[in-house]
Each structure stands twice: as C-alpha cells, then as structure tokens.
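Asker:
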Amino acid sequence: MDRFKLMLVFQIGVFGIIVLKCPEVEGQCRIFPNSTQVCMCHCEDNCRQGCQTCDLGWSGSKWLNCQKENIMLGRPTIQENSYASLFNSGKAVDGSIETFSKVQEREHSVWWRVRLKRYQTITDINITMDTVIGAQYMVYVTDESLVNNNYSLCASKGASTTVQRNFVLSCSRALTGKIIEIHAPPHIPLKIYEVSLMSCAFGTYGTNCNRLCPSECHNTCNKDSGQCDQCPVGFTGEFCNVTCSKFCGANGCDKINGQCFQCNSGLWSQDCTRFCPKGCNSCQRETGYCRDCYSGYIYNGTTCVQCPARFHGASCTLSCGLNCKAGLCDHENGRCIDCKHGYFGDHCHENCSEKCLNFSCSATTGHCSHCEIGHHGEQCTRCDRGYFGEGCKSTCNYCKLQVCNNVNGTCFECEEGKYGSFCNQTCSSQCANRTCHRNGECVSCRNGRYGLQCELLCPPIKCSACDKESGVCLECHLGRYGSECTEYCPSECRNGCLINNGSCENKAVTTFPSKISDTPKFKNGMQNFLILAGTTILIVFSIVFLTKICKMQKERQISTRASTHYRGVSSMIENSSVNRYHSLIEENPYENVTMENQTIEASDYANEGACATTTDDLIDKHVFAEKPFKKYGRFVSFDDEAPRRQESRDSASSTPYESIVIKDDSMSVAFTKY
C-alpha cells in the first residue's frame with residue numbers, strides 16, 4: 050500500500066533531514082530540496098507508538114519506519130497457462146507464500162511475467178518457488194515493448210533437489226527494465242509462491258534502506274551507494290556538495306566531473322577560467338577559438354583584431370562622425386575622441402552656443418570656455434536685468450527699472466529728470482517740471498525761457514512767453530504786440546490787440562486770436578461768439594478798473610509817507626521792529642514808483658525764496674500804465690541780514706532811499722539823501 054503523502058507541520062531534525070508530524074496519521078515526513086514533502090511511515094499502527102510491524106509489502110528498519118518496499122507487490126502479471134484460476138499468475142505477487150501460481154509443463158519452455166510500475170535498475174530478485182532436481186531456470190529483464198525480443202539474462206539457476214526453495218537471485222550485472230520473466234525448461238512445471246523486488250523508499254538508501262539520502266541531493270539518490278542521482282543547478286559531486294565554477298553559465302556543470310556545460314561570455318575551458326582572445330565576444334569552450342567578435346573588432350581568420358582608425362562598430366562597418374577631430378573615435382561605440390571647433394557631445398553632433406566667444410566650448414559638456422560681452426554662465430546666457438558688460442559685472446544704475454543694453458549698458462529709458470545714454474545727467478532746472486528728452490533737450494520750458502535746454506531768456510520787458518526754439522514771443526503783456534512785444538497797441542483798442550499785427554479784436558484773449566477762432570463755438574455761429582466776447586470784455590474791464598483803484602490808493606500812501614521823512618541824513622531805530630519786519634515780508638519784493646504823486650509804472654516779481662539779486666529778474670510780469678516818466682527800484686531780501694533800499698535810476702534825482710537792516714528780529718531804518 051502506497052503511503053506517500055504531502056505534509057506541512059512542525060520540524061524535527063534527524064540525520065540532517067527535515068522530519069514533520071503528519072496530520073491525522075502520525076509518521077515520519079521529509080522535505081526535499083525541490084520542496085517535495087513525503088510521509089515516510091510504512092507501519093501498521095501508523096507510527097503512533099513507534100513502528101512494531103511493517104505494512105504489507107514493506108520491510109526494513111523499524112527505527113526508520115520500514116522504508117524497504119516490494120515494488121512487485123500487486124503489479125500486473127501473466128503466465129503461459131495455468132492449471133486453474135486458483136493458481137493464476139497474480140498469486141505470485143500477493144505478498145503471501147501460502148498461495149502460488151502454477152504453469153503446466155509443456156514440450157517447450159513455459160514462463161511467468163510481471164510488469165513493474167517504472168523502469169528499475171535490477172540487481173537482486175527474491176524468489177520463492179518449487180524446483181526440480183537437474184532443471185535449469187532462467188530469469189530475464191526486458192523492456193516494455195517485447196517487440197525486438199530484447200531480453201537480458203539476469204541469471205540462471207540450477208536445482209539440485211526437488212523442493213520448495215526461497216532464494217535471492219543476483220543478476221550477473223545491473224539491468225534496467227520494466228518487465229521480469231521467469232522461464233522453466235521443457236517438460237518442467239513452473240510453480241511460484243512469491244516473487245519480490247525490494248527498493249528503498251524515496252529519499253533512503255542502503256542494504257536495509259536504513260539510511261537517508263544527503264539533503265543536497267535533488268529528490269533521490271542511488272539506492273545502494275547513496276550518491277545523488279542528480280544535483281541542483283550549480284552543484285556537482287557524488288553528494289552534490291561541491292559548487293560549480295562561478296564562471297559556468299546558467300546551466301551549471303556536470304554532476305560527475307564538474308565540467309561546465311557552457312561558459313559565461315568571453316570565457317572558455319572545462320571550468321571556464323580562461324579568457325577568450327581579445328575582441329572575442331564568445332569562443333568555443335573546448336578550444337578557445339573565436340565564434341564572434343565584440344563591437345569594434347573584426348575577425349581576421351584566426352582571431353579578432355581592433356577596427357582600423359576612423360571605423361567602429363560590429364565588424365568595423367561604421368565610420369566615425371564627420372565632426373570628430375581628425376576623424377578619430379572609439380572603435381567600439383563610435384564616440385569621438387575630441388570634437389572639431391564649435392561642436393560638442395559624444396558624437397560631436399551638438400553646436401556650441403552662438404553666445405560662446407568664438408564658438409568655443411567644452412567638447413564633453415558644451416559649457417562655453419568664454420562668453421561674448423553681455424553674456425555669462427556656462428551657456429553664455431544674456432545678462433540678468435540690471436547688469437551688463439563683460440561677465441555681466443556692471444550695473445545699470447540710472448536706467449528706468451534698471452533695464453539697459455546688455456552689451457554697453459546704454460539705457461532704453463531714463464528715470465524722470467535724467468538724460469543721456471546712461472541716464473547719468475540731470476535735466477536743466479529751466480525745463481518745465483525738470484523733464485527732458487534722452488538728448489537733454491527740454492520737453493518744454495519754464496515761462497520766460499527758450500532754447501534746446503531753455504538756457505535763453507525770452508525778449509525782455511513785455512514778453513510773457515516765447516517759442517521754445519526761436520524765442521519769438523507767443524504772448525505779450527496786455528497792451529503790447531510784436532515778435533518781441535515792443536510795440537504798443539493802438540489807443541482805441543480797449544482790450545488789447547492781435548500779437549502779429551496790432552489790430553484790435555473784440556476777443557477775450559488778444560494774445561492768441563488764432564486759438565479762439567479755432568474753437569467749436571466760433572465756428573458754430575457769430576451769436577455764440579458775441580456772447581463769449583461780451584462776457585470776456587466785461588470781465589477784463591472789471592479787472593482793469595479794480596487794478597487802477599488799487600494803484601491810486603497805493604500811490605497816495607507812498608506820497609504821504611515820503612512827505613513825512615526828513616530831507617537829509619538821519620537814523621532811527623523803530624520800536625515796532627517786528628511788525629515792520631512782517632510788513633516787509635507781506636509786501637511785493639520789487640516795486641518801482643515815482644515820488645511825483647503820479648503813477649508812471651509798477652512791476653512786481655516774486656521768485657522762489659523771496660530773494661532777488663539782479664534787475665534781469667524784474668521782467669517776468671509787467672503792468673502797463675500811460676505817461677511814463679521815471680523809474681525807481683527797491684530791493685528786498687529776507688535773508689538773516691539783507692538791505693532794503695530805494696534808489697533812483699535817474700542820477701539827477703534827489704529822492705531819498707530807505708535803508709533797512711533786519712537781523713535777529715530787530716530792524717533799523719535809515720534815511721539817506723543823495
């Protein structure tokens with residue numbers, strides 16, 4: 050009865066094997082290197098209390114749970130004929146010597162045959178049979194086909210007595226087969242009680258099958274010697290305890306002699322420890338002759354040699370790249386040894402950046418050796434915003450938003466109030482709002498100035514505003530006209546006259562008649578024009594009338610004050626110096642009057658800081674009056690210490706002047722006669 054079972058339980062070490070407790074049926078189990086697990090109990094009591102009696106068909110050491118098996122037990126049998134079914138051929142393999150099979154004698158040899166489960170190596174056969182004295186019995190081992198009568202004689206046995214005998218028949222040599230036949234000579238019956246062929250169970254060996262195969266064996270070992278039938282890949286030796294050479298290929302080595310079945314690429318010899326000739330990809334394991342060459346080599350009939358210059362690849366069929374310096378490249382992979390000027394990369398296919406100075410870069414990385422002005426870094430990228438020049442080390446200090454030409458640093462735009470290529474020059478103070486073009490030319494001038502940088506004064510006296518380029522007056526004081534405002538409007542003109550020809554116009558603004566005529570209201574009809582002109586004339590008349598009243602009052606005040614002064618040289622210190630100081634501040638800085646009790650001309654000017662130093666600054670504003678006679682000037686300064694004087698521009702005048710000294714909130718006033 051076959052009791053092989055797969056088991057997975059706990060482990061107990063016995064003689065270097067793995068023993069498990071079998072579920073339900075206690076027994077000895079073993080796990081082999083291929084993970085096969087076998088229950089090895091062949092005892093009638095299932096090994097619960099040890100092995101007392103072996104199962105039918107099993108024998109051997111009870112300590113090892115009866116591992117010796119009769120592989121003929123119950124196998125198919127046949128015989129030439131029988132006396133009756135009671136003595137059929139199967140009786141010889143039923144495990145009992147109480148029964149037998151019998152073949153009736155014939156004039157020719159009769160036979161009995163058993164078929165095994167698999168091919169076996171047969172050396173000894175146990176036979177229990179009746180023998181007849183003088184008869185010669187023959188035992189054969191054959192294959193399964195029986196077609197070619199390929200019988201091999203195991204042994205012949207002669208009988209010296211006619212008696213039931215139990216003997217072990219040893220073959221003259223080990224035979225392999227699946228069928229065993231026993232032949233009796235002619236006229237002799239064949240009576241067989243039992244035939245058995247003992248074989249050790251899976252994983253055991255020895256005479257009594259009481260030894261375990263080495264754990265290194267792959268599944269089984271020789272039943273007699275214990276030598277491994279086959280080894281796991283990578284091991285060799287009788288007991289598979291020797292490692293194959295590390296240079297053997299994936300198929301390992303021969304179990305018996307350890308020779309590699311094949312070698313790793315580039316090696317040869319029995320143990321694959323010798324290198325193939327240079328350039329050989331693989332060579333014959335036995336002789337070392339090249340079978341094929343590495344890339345970069347070519348077979349010359351004997352061995353592999355390196356490709357000639359300027360060629361590479363398998364069998365040297367490829368040319369080196371066109372951009373390889375001197376046409377040289379690696380004979381295996383075709384990488385250029387160096388690149389021509391302006392190229393980089395493994396095969397010199399990449400162009401150096403155009404920003405690299407002279408297109409010079411590393412043949413390996415492509416990093417620029419030097420950069421053109423205005424570029425920097427490994428790839429010579431454009432300077433970051435705010436920088437320019439060689440190596441991008443200079444900064445765009447005055448450019449608007451710090452944006453400038455990356456090469457020379459010239460600005461694209463300037464901050465307000467700056468001009469020049471580098472925006473490092475300041476616009477003229479005479480420019481309106483201190484704004485000018487990139488070349489320094491003012492966008493527009495302050496009133497009274499003209500020229501590219503407003504460095505010139507408009508014509509003096511009555512010119513309020515002039516053309517920025519030519520200096521021609523564009524606007525005159527009321528009552529004046531002409532290119533320099535030197536001409537007086539006709540007396541019949543009540544509201545001024547045209548600046549170009551002096552003709553009277555009933556317009557609100559006589560200084561710019563062309564602009565009024567271009568207004569939409571003028572073009573829409575005379576009615577709207579008359580309404581606008583009338584309103585404007587009324588406003589101007591009111592202003593002129595009020596101005597004359599104010600001047601008359603001021604002249605009376607001056608006349609009264611002048612008459613009270615002592616004619617000669619005297620000095621005095623006013624008690625109310627602080628009040629006098631503040632009254633001076635409130636007065637216009639410049640005032641021209643006459644002491645003859647009639648108004649000739651008055652001019653007012655106020656500059657920044659209320660300080661004037663030259664008479665040229667007196668021309669910004671002019672007020673016209675009739676009957677010019679004499680001019681008098683008064684100069685006032687509000688510095689910590691400054692004189693205020695009134696003097697006659699006519700050297701013949703005897704008008705006194707007033708000298709006032711202001712310091713630390715104290716004021717002294719002196720009247721002096723010329």
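In my numbering, the protein residues as written are 50 to 723. Note that CB positions come from ideal geometry on N, CA and C, so glycine has one too. This one's a predicted model, so the numbers in the text were calculated from it and none came from an experiment.
So, with DSSP's three-state summary, where would you put Thr-430?
Answerer: Here Thr-430 sits in strand by DSSP.
Asker: On the DSSP bridge assignment, give the partners of Cys-385 in chain order.
Answerer: Partner(s): Cys-378.
Asker: For Arg-155, report the span of its beta strand (DSSP E) as first-last.
Answerer: Counting along the chain, Arg-155 falls outside any beta strand (DSSP E), and DSSP gives it neither H nor E.
Asker: Can you have a look at Val-452 and say buried or exposed, based on whether 16 or more other CB atoms are within 10 angstroms of its CB?
Answerer: It counts as exposed.
Asker: I need the straight-line Cα distance from Arg-543 to Cys-476, nearest angstrom please.
Answerer: Rounded to the nearest angstrom, the two C-alpha atoms are 42 Å apart.
Asker: Considering only residues of the same chain and omitting the five flanking positions on each side of Asn-455, which have a CB-CB separation below 6 Å?
Answerer: Only Gly-423, Arg-431, Cys-432 and Phe-437 meet the Cβ criterion.
Asker: To test your reading of the DSSP string, which unbroken beta strand (DSSP E) runs of 3 or more residues are found completely within the stretch 303-349?
Answerer: You should have 329-332, 339-342 and 346-348.
Asker: Note down the Cα distance separating Pro-235 from Lys-111, rounded to an integer number of angstroms.
Answerer: Rounded to the nearest angstrom, the two C-alpha atoms are 43 Å apart.
Asker: On the three-state DSSP scale, how would you describe Ile-10?
Answerer: Past the boundaries of the shown model lies residue 10; the chain is included only from 50 to 723, so the question cannot be answered.
Asker: If you run the structure through DSSP and keep just helix, strand and coil, what is Glu-536?
Answerer: Strand at Glu-536.
Asker: If you run the structure through DSSP and keep just helix, strand and coil, what is Gln-451?
Answerer: Note: Gln-451 maps to helix in three-state DSSP.
Asker: State buried or exposed for Gly-144, treating a residue as buried only when at least 16 other CB atoms are found within 10 Å of its CB.
Answerer: Gly-144 should be labelled exposed.
Asker: Buried or exposed for Ser-221, going by 16 or more other Cβ atoms inside 10 Å?
Answerer: Exposed, by the Cβ-count rule.
Asker: Whose C-beta lies closer than 8 Å to the C-beta of Gly-489 among residues of the same chain, with five residues either side of it excluded?
Answerer: Taken in chain order, the residues that qualify are Tyr-468, Gly-469, Gln-474, Cys-476, Ser-477, Leu-501 and Gln-502.
Asker: What are the boundary residues of the beta strand (DSSP E) that includes Ile-241?
Answerer: Segment 239-245, the beta strand (DSSP E) holding Ile-241.
Asker: Does Trp-161 pass the burial test, meaning 16 or more other C-beta atoms within 10 Å, or should it be called exposed?
Answerer: Looking at its Cβ environment, which holds 16 or more other Cβ atoms inside 10 Å, Trp-161 is buried.
Asker: Using the Cβ count rule (16 or more neighbours within 10 Å means buried), how would you classify Lys-442?
Answerer: It counts as exposed.
Asker: Between Pro-638 and Glu-541, what straight-line distance do the alpha-carbon atoms span, to the nearest angstrom?
Answerer: Residue confidence is low: Pro-638 scores 38 on pLDDT, short of 50, so the model does not pin down where it sits. Its coordinate-derived value is still stated next. Answer to the nearest angstrom: the Cα atoms are 34 Å apart.
Asker: To the nearest angstrom, report how far apart Asn-472 and Glu-464 are at their CA atoms.
Answerer: At residue 472 the sequence reads Cys, which differs from the Asn that was named. Between Cys-472 and Glu-464, the C-alpha separation is close to 7 Å.
Asker: Taking the straight line between their C-alpha atoms, what separation do you get for Gln-116 and Asn-271?
Answerer: Rounded to whole angstroms, Gln-116 to Asn-271 spans 14 Å at the Cα level.
Asker: Tell me whether Phe-471 sits in a helix, a strand or coil according to DSSP, three-state version.
Answerer: In the structure shown, Phe-471 sits in coil (DSSP, three-state: anything other than H, G, I, E or B).
Asker: Is His-416 near Asn-382, with beta carbons less than 8 Å apart?
Answerer: Their beta carbons are not under 8 Å apart, which means His-416 does not touch Asn-382 by this criterion.
Asker: Starting from Ala-204, follow the beta strand (DSSP E) in both directions and report where the run begins and ends.
Answerer: Start and end: 200-207.
Asker: Taking the straight line between their C-alpha atoms, what separation do you get for Glu-156 and Ile-237?
Answerer: Going by the C-alpha atoms only, they are around 9 Å apart.
Asker: Whose C-alpha, out of Pro-263, Cys-491 and Cys-249, is nearest the C-alpha of Asn-724?
Answerer: Lying outside 50 to 723, the shown extent of the chain, residue 724 is not represented and no answer is given.
Asker: Take Pro-125 and list the residues in its own chain whose beta-carbon comes closer than 6 Å to its own, dropping the five residues that flank it on each side.
Answerer: Only Arg-164 meet the Cβ criterion.
Asker: So, helix, strand or coil for Lys-603, using DSSP?
Answerer: Lys-603 falls in the helix class under three-state DSSP.
Asker: Should Gln-169 be labelled buried (16 or more other beta-carbon atoms within 10 Å of its own) or exposed?
Answerer: Buried, since its Cβ has 16 or more Cβ neighbours within 10 Å.
Asker: Determine the contact status of Trp-524 and Tyr-530, defining contact as a CB-CB distance below 8 Å.
Answerer: Looking at the sequence itself, residue 524 is Glu, so the reference to Trp does not match. Cβ distance not < 8 Å, so Glu-524 and Tyr-530 don't count as in contact.
Asker: Which residue from Arg-167, Thr-177 and Ile-229 puts its Cα closest to that of Thr-191?
Answerer: Checked all of Arg-167, Thr-177 and Ile-229; the closest Cα to Thr-191 is Ile-229.
Asker: Tell me the DSSP secondary structure of His-166 in three-state form.
Answerer: It is Lys, not His, that sits at residue 166 in the sequence shown. Of the three classes helix, strand and coil, the one that applies to Lys-166 here is strand, per DSSP.
Asker: Taking DSSP as the reference, what is the three-state secondary structure of Glu-421?
Answerer: Glu-421: coil per DSSP, three-state reduction.
Asker: Can you tell which of Ala-358, Glu-518, Ile-548 and Glu-504 has its C-alpha closest to the C-alpha of Gly-528?
Answerer: Considering only alpha carbons, the answer is Ile-548.
Asker: Per the DSSP calculation, Met-187 is bridged to which residue(s)?
Answerer: Partner(s): Ser-205 and His-232.
Asker: Nearest by alpha-carbon distance to Cys-373: which of Tyr-392, Cys-96 and Ile-171 is it?
Answerer: Among Tyr-392, Cys-96 and Ile-171, the Cα nearest to that of Cys-373 belongs to Tyr-392.
Asker: Which residue's Cα is closest to the Cα of Glu-399: Leu-135, Ile-386, Val-593 and Thr-413?
Answerer: Ranking Leu-135, Ile-386, Val-593 and Thr-413 by Cα distance to Glu-399 puts Thr-413 first.
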